[in-house]
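**Q** Residue numbers for the sequence shown, in our numbering: 10 to 478.
Sharing a structure, written as structure tokens. Questions coming.
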Amino acid sequence: MSDYKLLINGELVAGDSTMPVINPATEELVADCPRASESQLNDAVAAAKAAFPAWAATPIDQRKEVVMKIADVVEANAQELGQLLTEEQGKPLGDAIGEAYGFAAFCRYFCSLDLPVETIDDSEGRKVEAHHMPLGVVGAIVPWNFPLILMAFKLPPALIAGNAIVIKPAPTTPLSTLRIAELIKDIAPAGVVNFITDLNDLGAPMTAHPDVRKISFTGSTATGAKVMAGAAGLLKRITLELGGNDAGIVLNDVNPKETAPKVFDSAFQNTGQVCIAMKRLYVHEDIYDEMCDELATLANETVIGNGLEQGTKLGPLNNQMQYDRVKELIEEARTDGNIIAGGDVSDEPGFFIRPTIVRDITEGSRLVDEEQFGPVLPVLKFSEESEAVERANASSWGLGGSVWSSDLDKAYALAEKMDAGTIWINKHAELDPGIPFGGAKQSGIGKELGEEGLQEFTQLKIINMAKAS
10 MSDYKLLING ELVAGDSTMP VINPATEELV ADCPRASESQ LNDAVAAAKA
60 AFPAWAATPI DQRKEVVMKI ADVVEANAQE LGQLLTEEQG KPLGDAIGEA
110 YGFAAFCRYF CSLDLPVETI DDSEGRKVEA HHMPLGVVGA IVPWNFPLIL
160 MAFKLPPALI AGNAIVIKPA PTTPLSTLRI AELIKDIAPA GVVNFITDLN
210 DLGAPMTAHP DVRKISFTGS TATGAKVMAG AAGLLKRITL ELGGNDAGIV
260 LNDVNPKETA PKVFDSAFQN TGQVCIAMKR LYVHEDIYDE MCDELATLAN
310 ETVIGNGLEQ GTKLGPLNNQ MQYDRVKELI EEARTDGNII AGGDVSDEPG
360 FFIRPTIVRD ITEGSRLVDE EQFGPVLPVL KFSEESEAVE RANASSWGLG
410 GSVWSSDLDK AYALAEKMDA GTIWINKHAE LDPGIPFGGA KQSGIGKELG
460 EEGLQEFTQL KIINMAKAS
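In structure tokens form, the structure reads like this:
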């Protein structure tokens, strides 16, 4: 398919202009994509606002049926969607197809939940109930690293809770999202689900729009702060899943040869373009050299290339801006530490950077202090466990973290001291639709996934009734 359209009020419409979508593996044009104007954003919000009352009044079981049908259609077209996602995002085809299947699985998980009326008190003099009410129009802003699975953090719970929604994908990865829009356009009533695209110019007007009651945003901390500021004027509800600089702490009682592959995958999956990827690795001095060597071997063995080519383990960075940023951090790391694998950039087309391991580096380097969001891992040495925790916590971010040890009691005790939204033990970056997910500090506000992720799309209303005397 090459004729992509926006979805506004149940109709597929052209954008007021177009924008190019580039294949990051070839730097060639994938397709021209419609670009919505602010007027079209307003049309989408108006359609959602008009559709909201009837949708909110629809029984929750019927709303779930709509979400289940969306899941079925996406799953049935997973191969096509995966191909398109690889072309625009860069990830290996198997991962992209898996993301489409994951979208369907997350939809089905949310359909397993309910929003029951909770009785708080039912005594002689009163009855008090808690009701989870829909909010209205939700604006969903989705990033480019996982366009489909992160949309599934927002679309199904918003609809099941009784809201209407306007979805805005990232400008570098809109095509698979718009294909889903075409596939599902007749499933929900007109106006309940709307899709627009932009060049990052409609986020601010969407956030400030008086008829948008909630913003669900996944992206950088800097942009999240702008979303929060834009929503403040009307006290909109917000859920922000923002950046992370996740630290892993490896104790001296692990087997480096067994642990290194798990650590490597935690850091380099999706070419490091994962909010909860391991971004900093602290290794005990007793096993530091061996762990560095094992990671370097894994990096050198990794096959990078076009995601459509069989055998590719890691694809390119998604876009020029991120590619340039990661290259800059690597160049600085040449003087801040010792690059023992990777660090090479090809002259061939594509935003490719080999997985890079940097040792003998410490805090004060931008590679350690900032979120790289790419295929480069700084490995830092520590001697005392308390020191490792203190250094891991010395960050303005707090999305995730991990402890690696053969002593689970010791690992658990350290995990309790780490300041982040999720701490894993002997693994990292595992997400499950039934487990709430969200960050501490500047890594976000609110929760996604789990029952809490559904309730984020509701307003709690208390009905307090006096009983007849």
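Note that the Cβ used here is the ideal one computed from N, Cα and C, for glycine as well.
Who does C42 pair with in a DSSP beta bridge?
**A** Per DSSP, M28.
**Q** I432: which of S415, N402, G455 and D220 sits nearest, CA to CA?
**A** I432 has its Cα closest to that of N402, out of S415, N402, G455 and D220.
**Q** Judging by CA-CA distance, which residue of N327, V312 and L326 is the nearest neighbour of G320?
**A** The candidate whose alpha carbon is nearest that of G320 is V312.
**Q** Where E47 and A424 are concerned, what is the direct C-alpha to C-alpha distance, given to the nearest angstrom?
**A** Distance between the alpha carbons of E47 and A424: 46 angstroms.
**Q** Report back the beta-carbon spacing between G352 and T365 to the nearest angstrom; my notes put them in contact at under 8 angstroms.
**A** That pair is a contact at about 5 angstroms.
**Q** Do S411 and I258 have their C-beta atoms closer together than 9 angstroms?
**A** For S411 and I258, yes; Cβs fall inside 9 angstroms.
**Q** For G407, which residues of its own chain have a beta-carbon under 7 angstroms away from its beta-carbon, when the five flanking residues on both sides are left out?
**A** Contacts found: D428, A429, G430, G448, A449, K450 and S452.
**Q** Hey, how far is the Cα of I69 from the Cα of A45?
**A** About 32 angstroms.
**Q** If you draw a straight line from the C-alpha of A114 to the C-alpha of C120, how long is it?
**A** Approximately 10 angstroms, taken between the alpha carbons.
**Q** Taking contact to mean at least 3 C-beta pairs separated by less than 8 angstroms, is the segment 239-249 in contact with the segment 263-271?
**A** No, the segment 239-249 is not in contact with the segment 263-271.
**Q** Determine the direct distance from the alpha carbon of F361 to that of Y332, and round the result to whole angstroms.
**A** Looking at the two C-alpha atoms, the distance is approximately 8 angstroms.
**Q** Which whole-angstrom value is the C-beta distance of A34 and G281, which I expect to be below 8 angstroms?
**A** 16 angstroms between Cβ atoms; not a contact.
**Q** Is K470 buried or exposed, if buried means 16 or more other CB atoms sit within 10 Å of its CB?
**A** It is exposed - the Cβ of K470 has fewer than 16 other Cβ atoms within 10 Å.
**Q** Out of A397, W413, A197 and K100, which one is the CA nearest neighbour of E372?
**A** The residue with the shortest Cα to Cα distance from E372 is A397.
**Q** Determine the closest residue to K73 out of P29, G252 and A170, with distance taken between C-alpha atoms.
**A** Ranking P29, G252 and A170 by Cα distance to K73 puts A170 first.
**Q** In this structure, how does DSSP classify M287 when only helix, strand and coil are distinguished?
**A** Three-state DSSP puts M287 in coil, outside helix and strand.
**Q** How close, in whole Å, do the beta carbons of I196 and V82 come, if the pair is a contact with beta carbons under 8 angstroms?
**A** Between V82 and I196 the Cβ distance is about 7 angstroms, and since that is below 8 angstroms, they are a contact.
**Q** In terms of residue numbering, what span does the beta strand (DSSP E) encompassing R222 cover?
**A** Where R222 is concerned, the enclosing beta strand (DSSP E) stretches over V221 to T227.
**Q** Per DSSP, which one or two residues make a beta bridge with L249?
**A** For L249, which the question treats as bridged, DSSP gives the partners F226 and I454.
**Q** Alpha carbon to alpha carbon, how far is F162 from S478?
**A** Their backbone Cα atoms lie some 47 angstroms apart in a straight line.
**Q** State the Cα-Cα distance for the pair L249 and E133, rounded to the nearest angstrom.
**A** So the alpha carbons of these two residues sit roughly 42 angstroms apart.
**Q** Which runs of the alpha helix (DSSP H) fall wholly inside the segment 156-210 and span at least 4 residues, in chain order?
**A** The segment 156-210 contains these whole alpha helix (DSSP H) runs: 156-160, 164-169 and 184-193.
**Q** Quick check: the segment 214-228 against the segment 87-100, are at least 3 beta-carbon pairs closer than 8 angstroms?
**A** As far as the Cβ criterion goes, the segment 87-100 does not touch the segment 214-228, which means the pair count is below three.
**Q** Looking at the structure shown, is N51 part of a helix, part of a strand, or coil, going by DSSP?
**A** Residue state, collapsed to three classes: helix.
**Q** Quick check on this structure: which residue in G103, E461, L251 and P143 has the alpha carbon closest to the alpha carbon of S405?
**A** Cα-wise, what sits closest to S405 is L251.
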